Each structure stands twice: as C-alpha cells, then as structure tokens.
Amino acid sequence: QYQRGYFMPPVSCMDWTKKEYVDKAPVWCSVDLRDGNQALVEPMSLEQKLEFFKLLVAVGFKEIEVGFPAASETEYEFLRTLIEKDMIPDDVTIQVLTQAREHIIKKTFEAVKGAPRAVVHVYNSTSLAQREQVFRKSKEEIKQIAVDGAKLLKELAEKEEGNFAFEYSPESFTGTEPEYALEVCNAVLDVWEPTADNKAIINLPATVEMSMPHVFASQVEYMSKNLHFRDNVVLSLHPHNDRGTGVADAELGLLAGADRIEGTLFGNGERTGNVDIITLAMNMYAQGVNPELDLSNMPKLAETFERLTKMKIHERHPYCGKLVFAAFSGSHQDAISKGMHYRVEKDPAHWTVPYLPINPEDVGRTYDSDVIRINSQSGKGGVAYVLEHNYGMIIPKKMREDLGYAVKDISDVQHKEIAPDEVLEIFEKRYKKFT
Ligand code: KIV
Ligand code: ZN
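Here my numbering is used: the first residue of the sequence shown is 1485, the next is one more, and so on.
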C-alpha cells in the first residue's frame, strides 16, 4: 500500500455509486489567490491580487482563500489592504492559511485583525510518507501537532474580537491511512466542538492525486460517515490534478457526501493544478443544475485570468478554450446545423444540439466566429451556414455542393482555414457571371 501510495477505507464505502449526478451546487471556495498564486512563475503583485479578488467576487464566490499571510510580505499587505480599505463585500468570507505552528498561527491572527469574517485554515501533513521521511514523527506526535494547532486557534479566536470560523486540513490526506486521518480530524473536532451556528470545515486534500477517483470517493464517504459532529461540519475537498482526474475526484467526492469544493479558475495551482472550478460548475450547468456562479462572460474571464497570471488557457480547455465549440468537419457541421433548426422549430426550451454540450451563447461565445469554421475538412452545409449566418444569403442546393467543393479545395491547397469574408469572396468570384 505504501508503494501504491494510497489506502482503502477499512470498510466498504460505495454508497456514492447509487447517485447519478451532482444535483446541487457545493459551497465553492476559490484558492486562486493562495494555491494558484503560489504556483505561478511570477506570483501576482498586490494590485494584480486586488483585481483578481474583484473578479472572483464578480463571478460569485462567497468564500475566497486570500493567501498565507505569514508566508510573504505581499500576502500580508494584500490581506491588510482588503481589510483596511473595506473591500470585502458583506456576503463574502475571506480565508487565510496557516501551518499548525505557534508563531505562524499568531502572525496569521495579527494579519487577519479587523476582518469582518474570516475562516482560519490550519493544516499539517499526516501521510505515512511525510511522517516517516519529512517529520520523522509517530502518529501520536503528528496528531498532537494538529490538536495543539486547533487549541491555539480556538484560544486566539476567543481573545480577538472578530467573527472566526475554523478549517482543518490533514495535508497529504490521499497518502494517509483513512482510519488515522479520521482519528486526527476527530481529535481536532473534539477541540473545536462545532455547533449549528459555528460550523467547522474539515478539508480533505488530494494534495497529490494518488488513486483512481472511485478510491478517493470511497475515502471521502468513509470520512463523511464517521466524523464527529457531522451535522455541524462542512466537509470540503481540495483535489489536485496529478493524474488528470481532479474534476472526477471532486464530482465523485460530492456524491460521496462532501459539501464544499476548494479549487481554482481554469485549474491553476501547484504542479498539474488544483481542480478546475469552471469545468466543475459548467458540468453541473450542462446537466441542468444551477452552479451558482456567473460564467456568462467566459471570454472576459479568460482574458483577465491570462493577463493577471500570465498563464495560457489551452485551446481545448472544456467550456472555455478557443476551439471547444468549433466544428470543422462536414458531418459535424451538418448535424449542428440540423440540430439548430430542430431546436428553433420543435424544442426551443431544451438544448439538445448534437456535438455542442451547451449553447455557446450561454458563456458569451458566438456562432459566427466560434462554431462553424471552414477548412479542408468542411462540407457544403458548413459553407452554406457561413453565408447564411454572416451575410443572410440562402444559396440553392446545387450551388451549395459546387461551392462546398471549391472552398474545400482552396483550403486544401493553401493549407489554411477560410474566414467567412473569404468564403464570400470565393462565392462572388465563382458566380460573378450569374450575379
Ligand atoms: O494541497 C494541499 O494539501 C493544500 C493544503 C494546504 C490544503 O494546499
Ligand atoms: Zn493544494
């Protein structure tokens, strides 16, 4: 098990298999400004962080991890600016991260002074690998670090004026024996004694993704069924994406009983990133579930993200890459075109158009430039669609075929995409004598 990296729960936990899909939005917590930022080649400046914070608020995040204020001067200053300039909206709670070490916890409380509301998120590593190789401490000693951290949080929160909630993460949860992770989390909860009015967050990080998603879901279900004070605990997940299955971890983890997801826009974050909240939210949207985030202007969101992080969003990134609604091939174009007509005539209320998982217009994309695109793979239907949608021209059936081949051949020879105005130009040249 050590070599494999993960541990199965001691009892079978597969109830999550009975559910088909995530039927309600979880509590979202953006960790862009902390986990996302700490993984950037050039971490964001204070001004960039402020702009990013406003973006997250505009998207609708109600919980935002703003940094690790004891770790860097910029993080500290950023947090102070948010608080002193009164920039935190009434319905938003900021979250700050701290290791379970006395001087770091104390500095974190200094940094967060005066915040209208804050989650103080404390963590320590619990995995077998970290216990043996990094800390060289026993299970008892590692548990004690968590308990001492939890006690200090409680003590400082009682002393300070403020509205504090607590979060604990058994960091490297995915490499921790589930029974032991449970023991540590329950020891922390026994210190905090959460109530209905003051819930505690237990966050299970796939710090490094180590298993297939169904294994992670079983671990989550085991924790969810056995945590103390479960009704007063918000069970949170923090999947990373090392195996490329962060989204699956989050989705199956929600089926398995989790209430909250920590992730980032476009999956930025350490190594292969944190779970991509955009994909998760849009997956819900595509299944008719309101994700309670406003992603209706994806191009603007993507532009701001790329400018502030200097990261590039992949052209095939689900729901937001430049090419994700594009159809070049003739058969796809034909099906989309027929599907669009069917929708208008028969079923305007439902989105069932083939090859398009959602209506691209719902995320601020347009049919003109984003969907039907013409190259050597395209067919007559695509070419006709471009003329109809861009220039209102409905061309006869026979001409469609002829023009389709002509455009296709030109694209093949020139080895490039043909823009709508070039399609028009080819049309005009070819049929000049008839016009
Ligand atoms: O990935 C991780 O384990 C973390 C913790 C600090 C929550 O980022
Ligand atoms: Zn992380």
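Glycine is no exception: its CB is placed at the ideal position from the N, C-alpha and C atoms. Every value quoted in this text rests on a predicted model; they were computed, and no experiment measured them.
Candidates Y1869, R1755 and Q1703, of which the one nearest H1724 by Cα: Here residue 1724 refers to the residue found at position 240 when the sequence shown is read from its first residue. Closest option to H1724, Cα to Cα, is R1755.
Compute every distance between the C-beta of D1733 and the non-hydrogen atoms of ligand 1, then say whether any falls below 6 Å. Residue 1733 sits at position 249 when you count from the first residue of the sequence shown. Checking every heavy atom of ligand 1 against the Cβ of D1733, none is found closer than 6 Å.
Quick one: residues in its chain with C-beta nearer than 7 Å to the C-beta of E1663, no 5 flanking neighbours on either side, listed in chain order? In the sequence shown, residue 1663 corresponds to position 179, counting from 1. Only P1494 meet the Cβ criterion.
Check whether the Cβ of Y1607 sits closer than 6 Å to any heavy atom of ligand 1, and report yes or no. Here residue 1607 is taken as the residue at index 123 of the sequence shown, counted from 1. Checking the Cβ of Y1607 against ligand 1 gives yes.
Distance, T1660 Cα to E1787 Cα: The sequence position of residue 1787 within the sequence shown is 303, counting from 1. The sequence position of residue 1660 within the sequence shown is 176, counting from 1. Approximately 39 Å, taken between the alpha carbons.
Closest by CA to N1781, which one among E1909, L1539 and G1772? Here residue 1781 is taken as the residue at index 297 of the sequence shown, counted from 1. Out of E1909, L1539 and G1772, L1539 has the C-alpha closest to the C-alpha of N1781.
Taking 6 Å as the cut-off, is the C-beta of D1519 nearer than that to any heavy atom in ligand 2? Counting from 1 along the sequence shown, the entry for residue 1519 is found at position 35. D1519 Cβ: within cutoff of ligand 2.
Range of the contiguous alpha helix (DSSP H) that encloses N1608: Position 124 of the sequence shown holds residue 1608. Looking at the DSSP string, N1608 is not in any alpha helix (DSSP H); the run it does join, the beta strand (DSSP E), is A1602 to S1609.
Helix, strand or coil: how does DSSP classify D1893 here? Mapped onto the sequence shown, residue 1893 falls at position 409. Reduced to three states, the DSSP call for D1893 is helix.
Please list, in chain order, all residues of the same chain as P1841 whose beta carbon is under 6 Å from its beta carbon, the five residues on each side excluded. Within the sequence shown, residue 1841 is the residue found at index 357, counting from 1. Within the same chain, P1841 has close Cβ partners A1770.
Would the segment 1899 to 1911 count as touching the segment 1865 to 1880 if we require 3 or more Cβ pairs under 8 Å? yes
Length of the line joining the Cα atoms of L1991 and D1715: Outside the shown range of the chain, which is 1485 to 1919, sits residue 1991, and nothing can be said about it.
Near ligand 1: S1653 beta-carbon under 6 Å from a heavy atom: What you label residue 1653 is simply residue 169 of the sequence shown in a count that begins at 1. Checking the Cβ of S1653 against ligand 1 gives yes.
Using the DSSP secondary-structure output, state which residues sit across from H1724 in a beta bridge. Within the sequence shown, the letter at position 240 stands for residue 1724. DSSP, once it has assigned bridges, lists N1758 as partnering H1724.
Given 8 Å as the limit, is there contact between the segment 1646 to 1655 and the segment 1607 to 1621, that is, 3 or more CB pairs closer than that? yes
Candidates N1774, L1792 and Y1803, of which the one nearest D1760 by Cα: Working through the sequence shown from its first residue, we reach residue 1760 at position 276. Of N1774, L1792 and Y1803, the residue nearest in Cα terms is Y1803.
With 16 as the cutoff for other CB atoms within 10 Å, does S1529 come out buried or exposed? Your numbering for residue 1529 matches position 45 in the sequence shown. So S1529 ends up on the exposed side.
Under the three-state reduction of DSSP, which class applies to F1789: helix, strand or coil? Numbered from its first residue, the sequence shown carries residue 1789 at position 305. In this structure, F1789 counts as helix in the three-state DSSP scheme.
Does the count of Cβ pairs from the segment 1589 to 1604 and the segment 1573 to 1580 closer than 8 Å reach three? yes
Are V1704 and G1737 close, meaning C-beta to C-beta below 7 Å? The count along the sequence shown starts at 1 and reaches residue 1704 at position 220. The count along the sequence shown starts at 1 and reaches residue 1737 at position 253. Yes; because the gap between Cβ atoms is below 7 Å, this pair is in contact.
Span of the beta strand (DSSP E), counted from its first residue to its last, around A1512: Within the sequence shown, the letter at position 28 stands for residue 1512. Looking at the sequence provided, one finds Trp at residue 1512 rather than Ala. Element bounds for W1512: V1511 to S1514.
Give the DSSP-derived three-state secondary structure of V1580 in the structure shown. In the sequence shown, residue 1580 corresponds to position 96, counting from 1. The answer is strand: DSSP assigns V1580 an E or B state.
6 Å Cβ shell around S1821 - same chain, five flanking residues per side excluded: Taking the first residue of the sequence shown as 1, we reach residue 1821 at position 337. Excluding residues within five positions, the ones whose Cβ falls inside 6 Å are G1865 and Y1869.
When you compare the segment 1847 to 1861 with the segment 1807 to 1819, are there three or more beta-carbon pairs, one atom per stretch, that lie closer than 8 Å? yes
Identify the continuous alpha helix (DSSP H) that holds Y1875 and give its terminal residues. Mapped onto the sequence shown, residue 1875 falls at position 391. First-last of the alpha helix (DSSP H) with Y1875: K1864 to Y1875.
Straight-line gap, E1625 to A1613 (C-alpha atoms, nearest Å): If you number the sequence shown from 1, residue 1625 lands on position 141. If you number the sequence shown from 1, residue 1613 lands on position 129. Each residue's Cα considered, the two are about 15 Å apart.
Just checking T1691 against ligand 1 - is the residue's beta carbon closer than 6 Å to any of the ligand's heavy atoms? By 1-based counting over the sequence shown, the position of residue 1691 is 207. Result yes, Cβ under 6 Å from ligand 1.
Compute the Euclidean distance between the alpha carbons of A1684 and P1678, then round it to the nearest angstrom. To locate residue 1684, count along the sequence shown from 1; it is residue 200. To locate residue 1678, count along the sequence shown from 1; it is residue 194. Roughly 6 Å between the two C-alpha positions.
Drop a sphere of 10 angstroms on the beta-carbon of G1772, count the other beta-carbons inside from all chains shown, and report buried for 16 or more, exposed for fewer. The residue given as residue 1772 occupies position 288 in the sequence shown. That one is exposed.
Segment contact flag, the segment 1486 to 1500 with the segment 1687 to 1704, C-beta cutoff 8 Å, min 3 pairs: yes
Looking at E1559: is its Cβ nearer than 7 Å to the Cβ of G1551? Along the sequence shown, read from residue 1 onward, the residue named residue 1559 stands at position 75. Along the sequence shown, read from residue 1 onward, the residue named residue 1551 stands at position 67. Yes, they are a contact pair.
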